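Colleague: Residue numbers 5 to 228, in the working numbering, belong to the letters of the sequence shown in order. Idealized CB from N, CA, C, for every residue including glycine. Since we're looking at a predicted model, the values are computed, not measured. Please see the structure below; I have some questions.
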Amino acid sequence: MKIGGVILDFNGTMFLDGEKQERAWRQFIRGVCRHEITDEEFRLYVHGRNNRFIMEYFLQKPLSDGEVAELIEQKEQIYRGFCLADPAPLHLTDGLPAFLDLLAERGIPHTIATASERNNVDFYIRTFDLGRWFDLDKLVYDDGTLRGKPDPDIYLRAAQRIGVEPGLCLVAEDAESGIQSAYRAGAGRIIAIQPEHKRELFAGRPEVDAVVGDFIGFERFLTD
5 MKIGGVILDF
15 NGTMFLDGEK
25 QERAWRQFIR
35 GVCRHEITDE
45 EFRLYVHGRN
55 NRFIMEYFLQ
65 KPLSDGEVAE
75 LIEQKEQIYR
85 GFCLADPAPL
95 HLTDGLPAFL
105 DLLAERGIPH
115 TIATASERNN
125 VDFYIRTFDL
135 GRWFDLDKLV
145 YDDGTLRGKP
155 DPDIYLRAAQ
165 RIGVEPGLCL
175 VAEDAESGIQ
185 SAYRAGAGRI
195 IAIQPEHKRE
205 LFAGRPEVDA
215 VVGDFIGFER
225 FLTD
């Protein structure tokens, strides 16, 4: 199969920020929800999920749009503070700039599909100069209009925005919910990005075509 388009998750995929995200969520949930989140809860109910789902799950009640927005900003200020306090790893995943350059050179449509909200997306655009590689109007993020991962909505919209059928899209993801979202959207090829000690979580899964640690040599997934 020849790939017609590429859709990339951001957190934990394009930017390996899992440790900072986890610290921020744990601090936020401990302070606001008075709950010590377990590793299993984090994997099932936080990783890759949209913010409304996470907030309502741990607070155990429905929230208004205003309440969600206020809580999200509290958590994201914690997260962005962690990022800015530790600038050394504040870079795109190894091999990704070269892969994005290659997509641009070959004219392969590509975009980002992320559960992050707008303020974080703006932070990433500034920090990583994403406008160098992406049409910023085609980015898909948590704007409150889509069901979150693992529902397929975000990948269906991303494929629509780049004008490529989902079955011809290559997706890179790191989260269980994100992989399920891409699979339910009918993505043609799904590659899991995982550190070596976690690769067994996705190895051999029917939804996943390969498990790798970074984007070095990632162009091999554009063709059979």
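#1: Using 8 Å as the cut-off, can you tell me whether the stretch 97-117 makes contact with the stretch 11-25, which would need three or more C-beta pairs spanning the two stretches below that distance?
#2: On the criterion of 16 or more Cβ atoms from any shown chain inside 10 Å, does Leu20 qualify as buried, or is it exposed?
#3: Quickly, what does DSSP pair Thr115 with across the bridge? List them, please.
#4: For Glu109, which beta-bridge partners are listed by DSSP?
#5: What number of angstroms, rounded off, separates the C-alpha of Val144 from the C-alpha of His39?
#6: Distance, Cα to Cα, Arg24 vs Gly52?
#7: Looking at the secondary structure, which residues open and close the beta strand (DSSP E) in which Ala196 lies?
#8: Would you mind stating whether Thr42 and Leu94 have Cβ atoms separated by less than 8 Å?
#9: What distance in whole Å lies between the Cβ atoms of Leu172 and Gly8, which are believed to be in contact at a cut-off of 8 Å?
#10: What distance in whole Å lies between the Cβ atoms of Pro154 and Ser120, which are believed to be in contact at a cut-off of 8 Å?
#11: Should the stretch 182-196 be regarded as contacting the stretch 70-81, the criterion being three or more beta carbon pairs within less than 8 Å?
#12: Do Arg84 and Phe46 have their C-beta atoms closer together than 8 Å?
#13: Since Gln198 and Val215 should fall inside the 8 Å C-beta cutoff, what is the C-beta to C-beta distance between them, to a whole number of angstroms?
#14: Taking the beta carbon of Asp178 as the centre, do at least 16 other beta carbons fall within 10 Å, making it buried, or is it exposed?
#15: Is Ile82 near Phe138, with beta carbons less than 8 Å apart?
#16: Between which two residues does the beta strand (DSSP E) containing Cys173 stretch?
#17: If Gln29 and Lys65 are in contact, beta carbons under 8 Å, what's the gap, nearest whole angstrom?
#18: Looking at the strands, I want to know which residues DSSP matches up with Ala214.
#19: Please list, in chain order, all residues of the same chain as Ala207 whose beta carbon is under 8 Å from its beta carbon, the five residues on each side excluded.
#20: Excluding sequence positions up to five away, which residues of its chain have a Cβ less than 6 Å from the Cβ of Pro156?
Modeller: So, from the data block:
#1: yes
#2: buried
#3: Ile11
#4: Beta-bridge pairing links Glu109 to no other residue.
#5: A straight line joining the alpha-carbon of Val144 with that of His39 spans about 31 Å.
#6: Note on identity: in this sequence residue 24 is Lys, with Arg being the wrong assignment. So the alpha carbons of these two residues sit roughly 14 Å apart.
#7: Under the DSSP assignment, Ala196 falls in the beta strand (DSSP E) whose first and last residues are 193-197.
#8: no
#9: 4 Å
#10: In this structure, Ser120 and Pro154 do not form a Cβ contact; the two beta carbons are roughly 16 Å apart against a cut-off of 8 Å.
#11: no
#12: Contact check for Arg84 against Phe46 fails: the beta carbons are separated by 8 Å or more.
#13: Here Gln198 really is in contact with Val215; their C-beta atoms are around 6 Å apart, less than 8 Å.
#14: So Asp178 counts as buried.
#15: No. Outside cutoff.
#16: 173-177
#17: The question names Gln, yet the displayed sequence has Trp at residue 29. Contact flag wrong, Cβ pair sits at about 18 Å.
#18: Ile195
#19: Within the same chain, Val215 come within 8 Å of Ala207 by CB-CB distance, once the 5 residues on both sides are set aside.
#20: Ser185, Arg188, Ala189
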